[in-house]
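Numbering-wise, full-length UniProt numbering puts 1004 at position 1004 of the sequence shown, and it's gapless, one number per residue. Beta carbons: idealized from backbone N, C-alpha and C, even for Gly.
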Amino acid sequence: MDVKWTSEQKKVIDLRDRDILVSAAAGSGKTAVLVERIVNRICVDNPPVDIDRMLVVTFTKAAAAEMRERVSCAIDSLKEQKPDDENLQRQSTLVHNALITTIDSFCLFVVQNNFAQLNLDPDFRIGDQAELKLMLKDALAQVFEDNYAREDNEAFINLIDTYSKGRNDSAVRQMVEDIYYKAGSSSWPRKWMNSLLRLYDIKSAKQLEDSEIIKEIVDYSRVLLEEDVQELTMAKDLASATPGLEKYALTLSEDIALFDGMTDVTGYVGMQEFLNKISFGRIAVIRKFDGDEKKKERVKSMRDAAKKKVDGIKQKYFGMSIELMYEQLERQRPFVKELIRLSLEFYDAMEAVKTRKRVFDFSDIEHFALRILVDEQTLKPTETAREFSKHFEEIMIDEYQDSNQVQEDILTAISREHQGAGNMFMVGDVKQSIYRFRMARPELFMEKYNTYTSDDSVHQRIDLHKNFRSRNEVLDFTNDIFYKIMAADLGNVQYDDDAALYPGASYPEETMRPELLLVDYKDEELSEIIDDEDGDKVQIEALLIANRIRSLMENGMVTDKKTGQLRAVQYRDIVILSRSVATWGNTVAAVLKDCDIPAHVESNTGYFSSYEIQVILSMLRILDNPLQDIQMAAVLASPIVGMDDEELAQIRSAFKGVSFAQAALSAMAGENGYEDEKLKAFALVFERLRGAVADTPIHELLYMMLDETGFYRYASAMPAGKRRRQNIDMLIEMAAAYEKTSYKGLFHFVRYIDIQQKYEIDYGEADTAGENDDVVRIMTIHKSKGLEFPVVFVSGLGKGFNTQDTKSDLVIHEKLGLGLVEKTKSPRTKRPSLIRNEIESRIKRENLGEELRVLYVALTRAKEKIILTGGLSNAQKSFEKYRGNVNANQPISFGQREGAGCYLDWIIPAMLSYPDKYTVSTVDATEFAARTAMDMAANDISRAQLIGYISAADETKAKELAEKFDFEYAYASDITKKSKYSVSELKHDSMVEKYDSTEREAERPKFLLEEKETYVPDFARDDEAGGASNESKEPKNAAGVNQGALRGTAVHRVMECLDFKSLCDIDTKDHVAVSAFVKKSMDEMLKKGLITDDMYRLTRPKLIEQFISSDVAARMAQADKRGDLYKEKPFVMDYEGVLVQGIIDVFWLENDKIVLLDYKTDRVNAAKELIDRYSTQLKLYADALGRIFSTDGKSIQADERLIYSFRLQQTIVICREANLKK
């Protein structure tokens, strides 16, 4: 039966002699249309085109294989009708050699047939990711080593000193690596890297203001301000329409007037001056208001949001003049220049290494192909490209929206564009471009989409609107959502009638309303239905999904693919999609399985964390280097040896003073008369395998190891044994593949595996679920692309977007260039760069556009039923925020879309825009909990029945099993206790009670929580005692580390390094002399590297000066002069079987007694707080010192215990009566 094509599809199939862009909506049958066009060209056209004179480029090998199969089947079908047709017989033969292939394979074809043009060794190969990563790390290390060794390396050393973090140069190496990878997406990498200097080579502030990036800042700010005016107008209209808010409306009118003249503002300076003039007045006070409080608060919140937006623009983009910005660029120029020089040197080094080893990646092959086909100087097609152009009658590109610039240039070069003829056929959907992380450039599609005409022309666009996959309800919902949230400014395409989905499939009548299931994590009832005390959010959402799946299984219906009639839902009909399933998927699968729902996670992760692979890798690591404690212990405790904790402890105690690995080797050798049958047997196997390492291929070594230890058979007998066995087989295949790389030996194989683990080049555990297995599938949205399912859950919608690529010091954009945080090395400072801020914003906007397209792909996978799930940390507050920014007649504002932190920030406001169509609410926690409790009760009944079966079993065997299961370890309570506690842990209240009451042993409290500092806003703080620190303004720590804790550490370090005996030479009551002494001492500490720049900056000199002027400092100076002062002394002591460790700040000997002093920087208001908090800690210190200094004939105790509070600037005496002495 002939297929009935739509008029648009017919155009796609029949039009010739032009460049055609097909914008094919999801489910529009583009693959079928593409195959039909190919078949028509080779079988119907007159004259027909030989299939080997067509180039068909697909995105994946699987798509290429499917395309070739479909074309072959179509030819065979026509041959059955016309068995004597010579053309069909010819095409049937040619199809097997036709270039229906991926772009990577085509580029490889070009290079293999033209390698001489590049002086390339034809015996090259494609390396795998791990091998290439090893090569990269080795080459990068060599480049840095060479630069360290150079004599003229001042710029390099300056870059390292300024931008390195901690004690290594890994941060700078990562910058070079990032530039190298970004350059790979450019057609001409060296040119692109050199172009990054263009912005930093600007010669004046005026030239900077005229640059593209500054113009973009101004235009972007204008968009935000125009939207601010719209939102203020909405607030004014709401106030005007609300009785009692007339004064608010008047204030808002004045606010709106502040923006008059904005359209006439030009340039950065003009916009900066305009913004500086905007000053919002105080909102009018309304007394005795008896109107709608919610509307009043909504008006105020809308105004506050507008004010916040203006302040944000000022701070982020207009915080400095154009002259200061230019000066900043000049300061950064040497660093950027050196960074680019390093990147170019590294690029050349990598190219040399790859050429020498004859190992390349597909990015290299693409660039080789481009160099063969395009002249780098003239950028015109080469003679080779023109030959290809003559040969190919048509170039067809599937999934065109995922092409990158290099691929675009290659395919354009071999087209007939330079001849003025059109023979490119491109099909795709920019709304489904979700591979930006692979350097896809959706703007290439959009450039043609916006320039090609829908009328008959040499550059023609055809839109396939109809969706032949989904029910009307799915399409309506998708359209409703994306009308509101997708636009050209975010998502690369304006979602309008041309972009919308239109129904093309027919389904039996059945209500299939889309659903949004939300959980409010603040609801206390939800935490009662899960095991985790913290109320794990993923588990709650998984239970929500499980409950809905059970309901579907009870009464849900879907359309049978074969009969076209409704039938009951099966598990295989259901898929759960999420942005990532790395950890989320396994948790959801576990919850579903606990609810008796079969589930399978389709993931590319988890392979290296599987138990059997970890055991084998541990074995390989100790075969390479036996002196590895953790790996040795892992092998001994594994089934390979089978030792328990007690046996491992015996090894540890039998050989003291050496590492555990060395102790194990000694035990294996039977030293000191140590005998253990397990170890003796393992030692023989271990020595045989060690002896084979040097000259045995790794895959053969694995076979030997598995055979001699029997671990392969053991893993096969474990639960999920089939999958474990397949995982081991994959490792053996990996080892065999490694032998073909440029690296050899066990040492490099271990590195090879480490690289894969570090960079998450994971293979995923072996997939044992078949395509037709009746299980619920859990997969990423990316993995689902191109697939369809009757019932689709899109879950994890409340999880925040990943923004890591905008957090580092260096951000890179292929067009805007490179943005770098400004840093200085002495003093250590960090300043924002407005250039970097704009590049970061641009990357963030493009990332959000990608997230929009990912969401579109997820929604369009559903054939009949779509269910969205997610959670809110505070539903009521979130709903109020969303409702305050919804306009039923307009799309969601750009600012709100750009400010989204998760998918729900788009979906909920969009649904709220249709109040009569969609309901947005959270699930009923009571009903949710009741359903879960019922399921638990049902499981209890099942267990009762199971016990009945067991009781009917063989009594002797049942008794044996009962004895084993009832066994109780005599020291079970000790398992959860630590063998060593720090004094800081013991200061916890519950530990204090245990210690003070001198019970048998100290116990660890349930929660050893750090003391939290009460947050006080900057404007409400009084100046801390001690005056200003060495920093102009204390920066927020990027890692979220408590600044008070950092300052405390800094003060302790300064006190440790202070030369107290030198105090005897100055008048400690002379403030000028003391101040000079502290300044000189701290400067010397910094110069000698005794303290870091951060410590120097965080320490307030006034605090140290106040201490030096105290009486206790004078006592310490005299003790230091006698040689009786001890600072930062560690100790470990036994207390009733528990080891207690700590570090004593300072103590000294005075009149045969110990004086103990502890420094405290805590933010307190009274000395008693410190006494209550630390008296037990000092008691422990005193106990330890008494044990250390006392002898059989003489007892020396720390009777005097002191605290010096830098906050209170006083010495506090700690004693049993807790007296206070100021």
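Sort the options by Cα distance to residue i and report the nearest one.
i     : options                       : result
R298  : E8, M234 and K354             : M234
I410  : T384, D496 and E525           : T384
P827  : V1078, Q1177, L1086 and L1058 : L1086
P1130 : D1124, V1140, M668 and V575   : V1140
S921  : L577, E840 and V519           : V519
K740  : D128, R713 and V22            : D128
S609  : R436, Q1106, T451 and Q757    : Q757
E838  : E212, P48, I732 and V71       : E212
A488  : G1123, R1122, P891 and R1187  : P891
D1124 : E69, L1103, N1151 and Q1106   : N1151
P832  : I103, L329 and S580           : L329
I462  : Y611, V427, Q896 and Y400     : V427
K783  : Y435, L746, I755 and D596     : Y435
G319  : F711, Q876, I217 and A681     : I217
From the DSSP output, which residues share a beta bridge with residue i?
i            : result
D463         : S23
Y1126        : F1147
G817         : H813
A487         : L490
P503         : N467
T780         : S578
S1205        : K1160 and Q1210
H600         : R777
A1117        : Paired residue(s): none; A1117 is not in a bridge.
N168         : K165
L99          : L55
residue 1225 : This structure cannot speak to residue 1225, because the chain is shown only from 1 to 1222.
Are the CB atoms of residue j and residue i within a distance shorter than 8 angstroms?
i            : j     : result
F793         : I867  : yes
Q494         : Y856  : no
L136         : I395  : no
T412         : T824  : no
residue 1293 : V265  : Nothing in the structure corresponds to residue 1293, since the chain is present only between 1 and 1222.
D1145        : H1052 : yes
R282         : L232  : no
V776         : A542  : no
E864         : M512  : yes
A25          : V474  : no
D361         : I126  : yes
L1156        : R1201 : yes
I1154        : A1198 : yes
E515         : A925  : no
N672         : A694  : no
(message) Count Cβ pairs between the region 808–826 and the region 884–896 that sit closer than 8 angstroms; are there 3 or more?
(response) no
(message) Is it the case that the region 189–205 contacts the region 329–347, given that we only count it when at least three CB pairs across the two stretches are under 8 angstroms?
(response) At 8 angstroms Cβ cutoff, the stretches touch.
(message) Could you check whether the region 479–496 touches the region 901–918, counting it as contact only if at least three pairs of C-beta atoms, one from each stretch, sit closer than 8 angstroms?
(response) yes
(request) Tell me the start and end of each unbroken beta strand (DSSP E) in the region 842–886 that is at least 3 residues and wholly inside, in chain order. (result) 862–872
(message) What ranges does the alpha helix (DSSP H) occupy inside the region 883–921, keeping only unbroken runs of at least 4 residues that lie completely in it?
(response) 894–898 and 904–912
(request) Run through the region 28–53 for me and flag every whole alpha helix (DSSP H) of 4 or more residues, listed as ranges in chain order. (result) 30–43
(request) Mind listing, in chain order, the continuous alpha helix (DSSP H) runs of no fewer than 4 residues lying wholly within the region 729–753? (result) As far as the region 729–753 is concerned, it has no whole alpha helix (DSSP H) run of at least 4 residues.
(message) Tell me whether the region 628–635 and the region 692–707 touch, counting them as touching only if at least three CB pairs, one residue from each stretch, are closer than 8 angstroms.
(response) no
(request) At 4 residues or longer, and completely inside the region 687–712: list those alpha helix (DSSP H) runs for me, N to C. (result) 698–709
(message) Give the list of continuous beta strand (DSSP E) stretches no shorter than 3 residues that lie fully inside the region 382–437.
(response) 394–397 and 424–428
(message) Would the region 1151–1171 count as touching the region 1189–1206 if we require 3 or more Cβ pairs under 8 angstroms?
(response) Cβ pair count under 8 angstroms is three or more, so yes.
(message) Measuring CB atoms only, is the region 4–21 touching the region 448–458, in the sense that at least three cross pairs come out at less than 8 angstroms?
(response) yes
(message) Whether or not the region 716–736 and the region 104–112 are in contact is what I'm after, with contact meaning three or more pairs of Cβ atoms, one per stretch, closer than 8 angstroms; do they touch?
(response) no
(request) Decide yes or no for the touch test of the region 373–387 against the region 413–427: beta carbon pairs closer than 8 angstroms, at least 3 of them. (result) yes
(request) Specify whether the region 136–152 and the region 165–177 touch according to this definition: at least 3 beta carbon pairs, one from each stretch, less than 8 angstroms apart. (result) yes
(request) Please confirm if the region 214–229 is in contact with the region 838–847, defined as three or more CB-CB distances below 8 angstroms between the two stretches. (result) yes
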